[in-house]
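The block underneath contains the structure these notes are about, expressed in structure tokens.
Residue numbers (our numbering): 1154 to 1301.
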């Protein structure tokens, strides 16, 4: 069985019903309404000033953050630009070197082609000379042999 609830102490249970209510029945609202309106207007103007101050602080902080972001973006953009320029410079240098190598290879191939053509001409000349020599030798040997 659950334990019983603790009975509240007299001070906890006191709802203020024993407070002596002294109402002023001769209250004249006409005198306090302008004071209340002045107080309300004063608090409204103070609240408006505070809101404007908060808004100004917010705008100042926001512009500071924007300026920081803009500076960071410009810095990063400059770094990227410098990096890209360096890569482009290296690429251009590599392409120049490649073109030089290709040019040297082309010149070497042209030289080898000329050498091959010269060698082919020499081989053809040697072959033609030997063929002629063989033909003459065959004619000479056939004329030297007696005919039967």
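For glycine and all other residues, C-beta sits at the position ideal for the given N, C-alpha and C.
Between residue i and residue j, what straight-line distance do the alpha-carbon atoms span, to the nearest angstrom?
i, j, result
"residue 1204", "residue 1232", "41 Å"
"residue 1263", "residue 1281", "27 Å"
"residue 1193", "residue 1212", "28 Å"
"residue 1293", "residue 1273", "30 Å"
"residue 1198", "residue 1238", "58 Å"
"residue 1234", "residue 1225", "14 Å"
What residues in its chain sit with their C-beta under 7 Å from that of residue i, if we drop five residues either side in the sequence?
i, result
"residue 1248", "none"
"residue 1271", "none"
Taking 6 Å as the limit between beta carbons, can you name the residues of its chain near residue i, skipping five residues before and five after?
i, result
"residue 1291", "none"
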